[in-house]
Structure formats: C-alpha cells, structure tokens
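The structure appears below as structure tokens.
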Amino acid sequence: MKGADAIIRCLEAEGVTHVYGYPGVAICPFYNSILNSDIQTVLIRTEQNAAHAASGQARVSGKPGVCAVTSGPGATNVITGIATAYADSIPLICITGQVNSELLGRDVFQEADITGAVESFVKYSYLVKNVEDIPRIFKEAFHIANTGRKGPVLIDVPIDIQNAELKTFEYPEEINMRTYKPTVKGNMLQIKKVAKALEEAHRPIICAGGGVLLSDAREELRAFAEKHQIPVVSTMMGISAMPTEHPMYFGMVGNNGKPYANRAMNESDLLIMVGARVADRAVSQPGLITKNKILVHIDVDPAEIGKNAGASIPLVGDAKHIFEDFNHVDFKCDTTEWIATLRANKEALTPRRNPNPDFVDPAAFITRLSEKMQENAVYVADVGQNQIWSCGYHVVKEGQFMTSGGMGTMGYSIPAAMGAKVAAPDRQVVAVCGDGSFQMSMMELATICQHQIPVKIVVLKNSVLGMVREYQHFTYKDNYSMIDLSGSPDLAQLSKAYGIPFLRLENMNDCEQVIDEFLAEDTSMILECIIDPMDLVAY
Amino acid sequence: MKRIYSVLVENRSGVLCKVAGLFSRRCYNIDSLAVGETDDPMVSCMTIVSSGDQRTIEQIEKQLNKKLDVIKVKTFDESHGISRELMLVKVKYNRNNRRDIMEICDILKAEIVDMSKSQMIIQICDIPEKIQLFMSMMKSVSIVEVARTGTLALPKCSDSD
Numbered sequence: 003m004k005g006a007d008a009i010i011r012c013l014e015a016e017g018v019t020h021v022y023g024y025p026g027v028a029i030c031p032f033y034n035s036i037l038n039s040d041i042q043t044v045l046i047r048t049e050q051n052a053a054h055a056a057s058g059q060a061r062v063s064g065k066p067g068v069c070a071v072t073s074g075p076g077a078t079n080v081i082t083g084i085a086t087a088y089a090d091s092i093p094l095i096c097i098t099g100q101v102n103s104e105l106l107g108r109d110v111f112q113e114a115d116i117t118g119a120v121e122s123f124v125k126y127s128y129l130v131k132n133v134e135d136i137p138r139i140f141k142e143a144f145h146i147a148n149t150g151r152k153g154p155v156l157i158d159v160p161i162d163i164q165n166a167e168l169k170t171f172e173y174p175e176e177i178n179m180r181t182y183k184p185t186v187k188g189n190m191l192q193i194k195k196v197a198k199a200l201e202e203a204h205r206p207i208i209c210a211g212g213g214v215l216l217s218d219a220r221e222e223l224r225a226f227a228e229k230h231q232i233p234v235v236s237t238m239m240g241i242s243a244m245p246t247e248h249p250m251y252f253g254m255v256g257n258n259g260k261p262y263a264n265r266a267m268n269e270s271d272l273l274i275m276v277g278a279r280v281a282d283r284a285v286s287q288p289g290l291i292t293k294n295k296i297l298v299h300i301d302v303d304p305a306e307i308g309k310n311a312g313a314s315i316p317l318v319g320d321a322k323h324i325f326e327d328f329n330h331v332d333f334k335c336d337t338t339e340w341i342a343t344l345r346a347n348k349e350a351l352t353p354r355r356n357p358n359p360d361f362v363d364p365a366a367f368i369t370r371l372s373e374k375m376q377e378n379a380v381y382v383a384d385v386g387q388n389q390i391w392s393c394g395y396h397v398v399k400e401g402q403f404m405t406s407g408g409m410g411t412m413g414y415s416i417p418a419a420m421g422a423k424v425a426a427p428d429r430q431v432v433a434v435c436g437d438g439s440f441q442m443s444m445m446e447l448a449t450i451c452q453h454q455i456p457v458k459i460v461v462l463k464n465s466v467l468g469m470v471r472e473y474q475h476f477t478y479k480d481n482y483s484m485i486d487l488s489g490s491p492d493l494a495q496l497s498k499a500y501g502i503p504f505l506r507l508e509n510m511n512d513c514e515q516v517i518d519e520f521l522a523e524d525t526s527m528i529l530e531c532i533i534d535p536m537d538l539v540a541y
Numbered sequence: 131m132k133r134i135y136s137v138l139v140e141n142r143s144g145v146l147c148k149v150a151g152l153f154s155r156r157c158y159n160i161d162s163l164a165v166g167e168t169d170d171p172m173v174s175c176m177t178i179v180s181s182g183d184q185r186t187i188e189q190i191e192k193q194l195n196k197k198l199d200v201i202k203v204k205t206f207d208e209s210h211g212i213s214r215e216l217m218l219v220k221v222k223y224n225r226n227n228r229r230d231i232m233e234i235c236d237i238l239k240a241e242i243v244d245m246s247k248s249q250m251i252i253q254i255c256d257i258p259e260k261i262q263l264f265m266s267m268m269k270s271v272s273i274v275e276v277a278r279t280g281t282l283a284l285p286k287c288s289d290s291d
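Chains A and B are the protein sequences, given in the same order.
So the number in the working numbering is just where the residue sits in the first sequence, counting from 1, plus 2.
So the number in the working numbering is just where the residue sits in the second sequence, counting from 1, plus 130.
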C-alpha cells in the first residue's frame, strides 16, 4: 500500500464523506488513490473556498471538514480559509501536497514552507517525513482538531511520501500524546461556587459565545436558562444558541448589537461568559464587564480566561459538560424583577429604522426571509453590512446561523453554505451576501452547478462596499475612497450563464411572493435585492 | 517584573521556531533564551527570561501550555530559582593593564582560559547580575568579542517534588 492509499484509509476510518480541494502535481497521488474510495470529491474553483466549504461542513456535521490542495500556491491560497477557521475554532483537516522531501529547502518549483507559514493560524501542523507515520499522524490530527478548543490542523505530505510503500497499515485505536490532554469536565467546586453566587445575585445574565454551538450545548444552556429564569444574550458567534423569540433571550451584544442587550450585560451583577473570547467587537471595554459585577468565565481553553478580562470565577471546561453539571446543582435564584426590567428595556430600546420605500429594506426582508425558512434551516451570512443586518434581524427558530465572526472574511458565505448543504442535504441552506462579498466567491457558482449543490443565494445589491462606505460616512465625513462597485456583472445574465434560476426584488411590494418563490423548491437560486446604497446598519 | 520560564518541549525540528513565534506574535518580551537537551534525548529544556505585567506573565504561561509541543511549563521569579549564565570574553591586554585584569578576574571568580601575547579569553559563570558587573568592570579594557549563553535556571530544591 502506498502512502496516498494510507491517507485515504485514515480518512475512511474517521468517517470522512467529502473532500473539498483543487489538484496539482504534488497532491496527485492522493487524488489518484481517492478514486478507489467512496469518499466524494468536490472540485472547488479556488483553494481558499475549499477550506471555507470544509468549515461549513464541519459546523453542520460537528466533525472535522477536510480539504486537500497542492503545494506552493495551492497551499498559500488556502491560508485565509485556515485562518478564518482558526479564528472561529472550527475543526478542519487541511492536507497539502509538498515537493519531494529530498528537495525541501531548495526553493524548487511550487515549494512553499506551508507549515511555517500557517503556524499562527493552526492548532497544530505536521510535515510527514516518514510514510510509516501516516496512520499515527492522521489519528492525532483528527483528535486534535475536534477536541478541546477546536481548530484547523494542517498535514503537509511530500509527493515521495505519498508514493512510498507502507509495510503494514494499522489505524491506531488509542492516542498517545503526553502534551495534549484538554480539560473537559468543569471543576465541581467552581461549579458550586457559581451556583452560590447565582443564589446571591439579583441581576444574573449569561452571554453565550460560539463555544456553546461548538460543544453542542444548546439544549443544556436552554434548560438551565429556563429552569432558573436566567436571561441570555449572545455574541455574534453565539447567535442561534437560543431561538430569537425565546422569552429568556435578549439579543446580540457588541458595537453592532442591540442596545438593550448591551445594557442588560452592563447592568447585570453576575455575568456568565461562556465560550466567548471577550474580543473588541463584542466587548469594547472589558473593564465594564468586571466593574460592579461578578464575572464567571467558562471556556475550554484556559488561555482565554483572563486574556481580555479578569474573571472572578474562572471555570475551565467544555460548555456542554458544565451546563449538564449546572443542571444537577440545586439552587434558587429569583430574577422576576430583573426580567421585567429587561423586557421593558427591550420594548423601549428596540431600534426603529426609517427605510427608504424605493428600495428593499434589508432588515424587514431578512426578518421575513428567515421567518419563512424551514424550522431547522441553515442561514449563512457573509461579511459587511449584510452580516450586521443578518445578525440583527434574522429570526432563529431551531436552525443554525453561521458567519465568519472572528476573522471577518469576505466571500465566506457561498462556499460555507455549499459545505453545509453537502453535510445536510435535507436542510434548507441560504447564503446571504452583499454584492462585494458575492464577487469574492462567485466563481463557486460553477461548483454549485457541477456538483448540483442546491444552495440558495441572496445578494443584497447596493453597488458599493457598504460597510466601508458607512465607516467613511462617519469617520471621513463622506469622503469616499475605494467603495464604488460599478463594473459589477448583471446578475440576471450571470445566473443565466451558469444556468441558475434568478429572481430580483426591487422594493418591498412583492417581498412575500418573491421569498415564497425563492424558497419553494430545493434547488439553487439567486435572489438579487436592490437596497439603498445610503442605508446604514448603525441606528 | 522579570519572570523565568523553564519549559520542557518535544525535541523536534521547528519547536524553537514555534515558541519564539508565539512570543513575537503576542508581543511578549524575550530577555534571554537558552535551549539544550535534557537527560531524555527526546526532550529539550528551554529557559526563557521574560518581563511584563501580571496579566502578561499569566498569559505567557497559558499560551505556552497551549502549544502541543510543550510538555511542561515551570515558572518562577529569580528569588525562587537558581540561575546561571556563562560568558566568554576575548580582550586585548598589555603590560600595563594585565595585572588589573587578573585582579578583577580574581575578585569576580572569572578564569582566564586562553591566551596569546596580546589577547586573552576570560570565562565567567555566575548569576546574571555578576556577569553584568564583570562587563562593567571590563569597560576600560579593549574587548574583541563576547559570547553569552543567556540565563539557565531551575527552581530551587524542595522536598515536595
């Protein structure tokens, strides 16, 4: 058996169903061996999107997504995708072909030091130097990617190693790594300390981050919030931890969040931050969340606790386990008055928009779209104004919300939606992007056609880079630079060129029927919504 | 605040780069760094001296522990460890200052380990402050070149380990 066959056997042993990628000579042995496997391949149109698609697959399936690209430019192109996954702690296995190991370091054709280049964006990386190491390395890589704080792992495999003969293939059952043993169970003493603090608190609140979704702790969190009547807010990555209309949910925090959510967090006397990094967009002044309140910080990564805000009660562990334990601890907590205050604030502080009637109102449109989407639909927002409107107005039922929150990578939504649809063909998957972010990934329309992946794409078209325009409106007093998107293709014709059905919505008059038509069948479709270039996400 | 990290790592290629990269990426200082094999050839020990506020010191320890090639991190301040540095200094000498140099060496327990008619190499192994003191005492002498190991340190002995 050759090294490349061994890699495929490893992927099979890990239950991998799809590999996203782009070939080149250095990864050809791998793509030759995969022909003898049931693993499906998806030919992406640029390598960055292979990582994004694998990320979408991972977020829906809960298992690491896999992408495989060639050496040199193939490998360097995938870096943004890896960094995007790293920032949001998404488990990925990224296999890169590499030049012959004898030639490493000689700057030969398509050689790039990819393990060196991705060091600060991966949880771990390997350069395979001996074919016999393949089974152990893959076993470790999948384990590392999907345990503890999840993240991407890169495996660089020189072409001669892929072609080398392996004496015997045995996929290890056990992992023997002395340096990696993530803490999963929370310390029971700390858990009881939190319960006691909750008992004494008058205004407790939970801020749910992406970690709640990554550890699949939605049910546990919801049960806990309901049982003790503790209100919940979320970060951008934590959206869909709670249904939008849940009586205990009070919106997204942060500089693009709801005013009443921020106020709730600031006025609380006990804040449980769970699976959140306390980064600048969610918490612009970390001092405020420790002032006059007890901060309980729960994270599976000990380095997150105390990085941006000093916690009064640190609690290391996986959110699912910790909330399971919380649900077994008896304590009483009276929040009736606090919740009444929060509801009154929500009523009073809900922002009112003044949409221009000549255009589609993105806020109202997104609300109607998400209300009409299936219960368990996957909504993928891109980056820009579309992302902020999606966060603010998308109604989560029992489905999932995905976006590139940490890195804010434009062009994420279409490939990620493809991966999500591949992972869950029975679920409705809708990508919402702007005309800027759409053009960063529009080459993937070919992939959608080729592999018949029925994702639905909404393009909020305003012919400008809206988020930057808005920033220049406020910061540079309307001195605009580099935001004009004229020259963009006619989407009706573009859709026709790809053979993808197309709809256009120019104002709110036909909103209901156009959305109904857009969502009616499980086919890919592009819906262009013309929005006001002067519209703002700021209230 | 100065802090010493004694870090046991897997003895593999690229590990030094990963650890050094961590310090530069997160804007932590490295005052000195010394690496060598331990009694186990699969394990290296890095002694890193760094400085920063309390939060930085804690973060460095946590971030080091996060690295998958790091086996164990011990951290302590200078008063809780035994630290040594080795320095070799090549100096030019003449008849007039030879005796002075020898006297300084004598007082600071430095040793002359090589000599020619005009040059000598002095070796000193001591705590970093003494090395610094020796350097300042040698200011009047013409120094040709200097090589220093950086600080090596271990936490002080205890009976609970």
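All residues carry an ideal CB built from backbone N, CA and C; glycine is no exception.
If you keep only unbroken beta strand (DSSP E) runs of at least 3 residues inside the stretch 134–181 of chain A, you get 154–160. Straight-line measurement puts the Cα of Glu228 of chain A at about 42 Å from the Cα of Met442 of chain A.
Lys202 of chain B is a Cβ neighbour of Leu138 of chain B, given a cutoff of 8 Å. Residue pairing of Cys69 of chain A in beta bridges, as defined by DSSP: A:Tyr22, A:Cys96. Per the DSSP secondary-structure output, Ala383 of chain A pairs in a beta bridge with A:Val434. When Cβ pairs closer than 8 Å are counted between the two stretches, the stretch 3–21 of chain A is seen to touch the stretch 29–39 of chain A, the count reaching three or more. Identification of residues in the stretch 292–314 of chain A having a C-beta nearer than 9 Å to some C-beta of chain B yields Asp303, Pro304, Ala305, Glu306, Ile307, Gly308, Lys309, Gly312, given in sequence order.
With a 10 Å radius around the Cβ and a threshold of 16 neighbouring Cβ atoms, Met176 of chain B comes out buried.
Under the DSSP definition of a beta bridge, Arg133 of chain B partners with B:Ser180. Take the alpha-carbon of Met409 of chain A and the one of Val461 of chain A: they are about 21 Å apart.
Judged by their CB atoms, Leu194 of chain B and Val165 of chain B are not nearer to each other than the 8 Å cut-off. Residues of chain A with a Cβ closer than 7 Å to the Cβ of Val200 of chain B are, in chain order, Thr181.
With fewer than 16 other CB atoms across the displayed protein chains lying within 10 angstroms of its CB, Gly289 of chain A is exposed. The three-state reading of DSSP puts Met510 of chain A in helix, counting H, G and I together. Residues of chain A with a Cβ closer than 7 Å to the Cβ of Arg142 of chain B do not exist, since the nearest Cβ in that chain sits about 10 Å away. Pairing Gly213 of chain A with Val120 of chain A gives a Cβ-Cβ distance that is not under 8 Å. Chain A places no beta carbon closer than 8 Å to that of Gly166 of chain B, leaving this residue out of the contacts. At a cut-off of 8 Å between beta-carbon atoms, Gly182 of chain B makes no contact with chain A.
If you look at Arg278 of chain B, you'll find it in the beta strand (DSSP E) that goes 272–278. The shortest CA-to-CA distance from Ile160 of chain B to any of B:Thr168, B:Lys132, B:Glu167 is the one to B:Lys132. In the three-state reduction of the DSSP assignment, Asp230 of chain B falls in the helix class. Rounded to the nearest whole angstrom, the CA to CA distance from Lys423 of chain A to Val362 of chain A is 27 Å. Gly144 of chain B and Val124 of chain A have their alpha carbons spaced roughly 14 Å apart.
Contact between Pro417 of chain A and Gly58 of chain A holds, since their C-beta atoms are separated by about 7 Å, short of 8 Å. Using beta-carbon distances, Lys204 of chain B does not count as an interface residue toward chain A, since no partner is under 8 Å.
From the listed residues A:Asn509, A:Glu400, A:Cys513, the smallest Cα separation to Val62 of chain A is found for A:Glu400. Look at the stretch 95–122 of chain A: the residues with a C-beta under 9 Å from a C-beta of chain B are Thr117, Gly118, Glu121, Ser122. The continuous stretches of alpha helix (DSSP H) do not include Lys463 of chain A, which lies in the beta strand (DSSP E) extending over residues 458–463. For the options A:Pro160, A:Thr78, A:Ala199, A:Asn132, the alpha carbon positioned closest to that of Lys169 of chain A is the one of A:Asn132. Runs of the alpha helix (DSSP H) lying entirely within the stretch 139–181 of chain B, each at least 4 residues long, are 145–155 in chain order. With a threshold of 8 Å between beta carbons, Ile136 of chain A makes no contact with chain B.
Its Cα nearest to that of Gly501 of chain A, the residue A:Thr449 stands out among A:Gly99, A:Thr449, A:Asp486. In terms of Cα proximity to Ile517 of chain A, the closest of A:Gln495, A:Arg471, A:Glu306, A:Pro364 is A:Pro364. Across the stretch 141–161 of chain A, CB contacts with chain B closer than 8 Å involve Ile146, in sequence order along the chain.
Take the alpha-carbon of Ser270 of chain A and the one of Leu282 of chain B: they are about 48 Å apart. Counting the other CB atoms within 10 Å of its CB gives Asn226 of chain B a total below 16, which places it among the exposed residues.
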